[in-house]
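Residue numbers (this note's numbering): 2 to 663. Even glycine gets a Cβ: it sits at the ideal position worked out from N, Cα and C. Given the structure is predicted, the values throughout are model-derived calculations rather than measurements. Below: one structure, written as structure tokens.
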């Protein structure tokens, strides 16, 4: 039984309010929101019980509805993570990604199970159950970290893909172990059959729902006036239907279904994709906040304390031994640098799947224990406590009471171990991820654009399209709001202030662009950037052509707005095809310049390298020490040369990776 509706409503409102507050604090202090969410749950749950003698939030608050609430919330979170995962990004590190979710997951499962077995002296079945749960990282904990730690795409993609796929596999494996091995005492063929069955059901249901939703979005009139809203609602409903349908057929198959549906729809050309993505993101933040706070509030401090030093040993092995081992095994010989492997090794926090599934398992184990005690009481003809206290050794009553105590102990150890690992990994890895990334230098160098007007936003759009890490600095409120609404990262402040530039990442910027409408401000920004930060390129916009010469005399690379317009017009007159090809939004062609650092190209001629480039890409220019030339076939490429690549968009991006893996 849950508490009265009048008491639940203010609690739900308080949880949502705390969740929003956690998001604001996370944005302010640049740490993952989960740290604040779990802290809020502890305050509402066990800490309030210790301080006031009664919990503000407990298992009785939502009664029997909690598993359903958690299940639907997990469905929304997993769907949103899968929807944002792009196949083309996975291809950047395909071998490592596949190994992370196969060899890496197996290493995590076996390593964690062995650690539980010997550190906590538990049977193998329970050890493998906990090990299976702790394989899952998941988008609920990875995404908030990546929002404040803008690592390179290949690193982010590997972590996101691992989280989504391992969420699915870990949930299904854990359920099968629980139902087949622990409850039914079977193994072998039964385990494999149940796992394949649940995974297959989830994939089939997810594909079916994705096809239906895609057809409705593409070919059915969703009402012209309300089409974006209806598209959002249809997609949201599809995620819930996929989860419910698959989970009704087989428990935890719903996680596989929503992951499949989200991955399919996210990679198809669906209309109103931006609106759908924004809507899902907002909903996900709310349910993520609710679930993390609610589950953290259910924790018993005693379950953590009873683990003692062996529990701390488990956490240490999981974080500092198993995680690095599986990462270095999975990422061997791939595109990842050693610092990137170390960063991925450090970022493996456990999230909502282990927390929610472990809580549900504990409830079921305790329910089994209660049923066994009731049976013992009926046999003894007295109450359960008396029956177990007075049971003679070897009797049926004693056996039932022993089994009940075993189930209770397993429930406590299961929840305690899982939540201890969750708390430790979230606090350590979430709290220090940004500092570790900065220390290892795995955050790509930024491009800072001071001025968020039309020029600044247009430049930011083109740079972000090429994968650059762009930050806009602006102080006018309306301009900031517009830039943020368009999806840009914006720092509020005066670009002529050194502290503002430092906050925007000036110390880690490869390019700083002064693009305001004030030439005096642009000159000061350029001079500050050159003198205070070790920036490769500082470029200033000259609104008044008469100021160009003065800017350049001071060593500032300057772009005159008037001259830029004249050049663009001249290109349209003399080179219209090339101008259209380079400037058209959504163009197929691209021209990029990249520094050669890869040993695969160094000390080789253009004639030798050319056939290895993608078919629709060629080397147009080479800049060596400031001298630009059109290379002949026998030109030998050297390390540090800046190569201009011309060709189709994707071919140019692939060739850039060949020249410089970063």
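Proximity below 9 angstroms, CB of residue i to CB of residue j
i	j	result
residue 659	residue 593	no
residue 555	residue 524	yes
residue 439	residue 509	yes
residue 332	residue 159	yes
residue 208	residue 265	yes
residue 71	residue 361	yes
residue 288	residue 246	no
residue 413	residue 304	yes
residue 496	residue 431	no
residue 121	residue 255	no
residue 341	residue 441	yes
residue 422	residue 355	yes
residue 296	residue 363	no
residue 294	residue 45	yes
residue 419	residue 450	no
Which listed residue (the options) has its alpha carbon closest to that of residue i
i	options	result
residue 623	638, 617, 288, 76	638
residue 641	627, 631, 634, 557	627
residue 564	550, 221, 323	550
residue 601	661, 113, 486, 338	661
residue 428	493, 17, 38	38
residue 591	443, 466, 255	466
residue 175	134, 653, 418	134
residue 215	84, 414, 142	84
residue 308	123, 477, 250	123
residue 81	634, 629, 366, 268	268
residue 230	211, 275, 573	275
residue 167	239, 100, 42, 126	100
residue 619	294, 644, 15	644
residue 263	548, 250, 203	203
residue 258	271, 310, 198	198
residue 330	68, 473, 253, 108	108
residue 68	532, 522, 105, 253	253
residue 138	150, 164, 119, 126	164
residue 103	486, 261, 171	171
residue 608	630, 629, 636, 621	636
residue 290	179, 22, 631, 578	22
For residue i, the residue or residues it bridges with in DSSP
i	result
residue 638	605
residue 647	592, 619
residue 450	473, 514
residue 630	623
residue 541	515, 559
residue 490	472
Inter-residue Cα distance where the pair is residue i and residue j
i	j	result
residue 606	residue 469	29 angstroms
residue 587	residue 581	Residue placement at residue 587 is poorly supported in this model, since its pLDDT is 46, which falls under 50; the coordinates are not used for a value here.
residue 40	residue 598	46 angstroms
residue 232	residue 87	20 angstroms
residue 241	residue 323	35 angstroms
residue 328	residue 35	23 angstroms
residue 20	residue 292	10 angstroms
residue 116	residue 182	19 angstroms
residue 665	residue 425	This structure cannot speak to residue 665, because the chain is shown only from 2 to 663.
residue 58	residue 528	56 angstroms
residue 346	residue 111	17 angstroms
residue 97	residue 128	27 angstroms
residue 434	residue 344	8 angstroms
residue 28	residue 490	12 angstroms
residue 481	residue 494	10 angstroms
residue 519	residue 536	22 angstroms
residue 617	residue 648	5 angstroms
residue 194	residue 13	40 angstroms
residue 211	residue 162	19 angstroms
residue 515	residue 454	11 angstroms
residue 552	residue 603	37 angstroms
residue 9	residue 177	34 angstroms
residue 43	residue 299	8 angstroms
residue 24	residue 280	16 angstroms
residue 192	residue 105	21 angstroms
residue 517	residue 530	15 angstroms
The stretch 377–392 contacting the stretch 283–299, beta-carbon criterion three pairs below 8 angstroms: no
Three-pair Cβ contact test at 8 angstroms for the stretch 147–157 versus the stretch 372–383: no
Validate contact between the stretch 344–356 and the stretch 129–146 using beta carbons, cut 8 angstroms, 3 pairs: yes
Inter-stretch contact (C-beta, 8 angstroms, three-pair minimum) for the stretch 556–568 and the stretch 611–622: no
Segment contact, 8 angstroms Cβ cut-off, at least three pairs: the stretch 393–411 with the stretch 359–371: yes
Inter-stretch contact at 8 angstroms, needing at least 3 Cβ pairs: the stretch 298–317 / the stretch 68–82: no
Meets three-Cβ-pair contact criterion under 8 angstroms: the stretch 508–522 and the stretch 432–450: yes
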